[in-house]
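Undergrad:
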Amino acid sequence: MDELYYLLDINGICLEDDRKERDKAIKILLQIKKKKAQTYNKKIIEDKDIINEYNKEGMDGIKKFFSRTICYLYSTNFVYSILFHHYKTDWRKVETIIKDKINEQKK
1 MDELYYLLDI NGICLEDDRK ERDKAIKILL QIKKKKAQTY NKKIIEDKDI
51 INEYNKEGMD GIKKFFSRTI CYLYSTNFVY SILFHHYKTD WRKVETIIKD
101 KINEQKK
């Protein structure tokens, strides 16, 4: 989270400022963290990892599954969306995205 505050600060963005600017800072942070993860050959987080955690532990498990201090590798928009909304602490949106993915897989 310190990295997010740093990015916001150097760009003159306050958390109460325009959501569009804050979202842009979060996107930049996720890109930087993904590059760091590639450097250290971290495990790739896949859609099934998130869905399995959700099925086992629910939203409480998802909240604990990701740490903002860790850099994650991902290759799908689903994982990116989950990370993005996790940073925003928009738990309702995170749960909606996961449920939509589960329903999509059932079809």
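The opening position of the sequence shown corresponds to residue 1 in the working numbering, with each subsequent residue numbered one higher. Built from N, CA and C at the ideal position, the CB exists for glycine as well. Since we're looking at a predicted model, the values are computed, not measured.
1) What would DSSP say about Ile45, mapped onto helix, strand or coil?
2) CB Lys34 to CB Tyr74, shorter than 8 Å?
3) Short of 8 Å in beta carbon distance, which residues of its chain neighbour Gly61, apart from the five on each side in sequence? Order them along the chain.
4) Nearest-angstrom Cα distance between Gly58 and Ile50?
5) Mind checking who Tyr54 pairs with in its DSSP beta bridge?
TA: On the basis of the coordinates in this document:
1) strand
2) In this structure, Tyr74 lies closer than 8 Å to Lys34 by Cβ.
3) Glu53, Tyr54
4) 10 Å
5) DSSP, once it has assigned bridges, lists no residue as partnering Tyr54.
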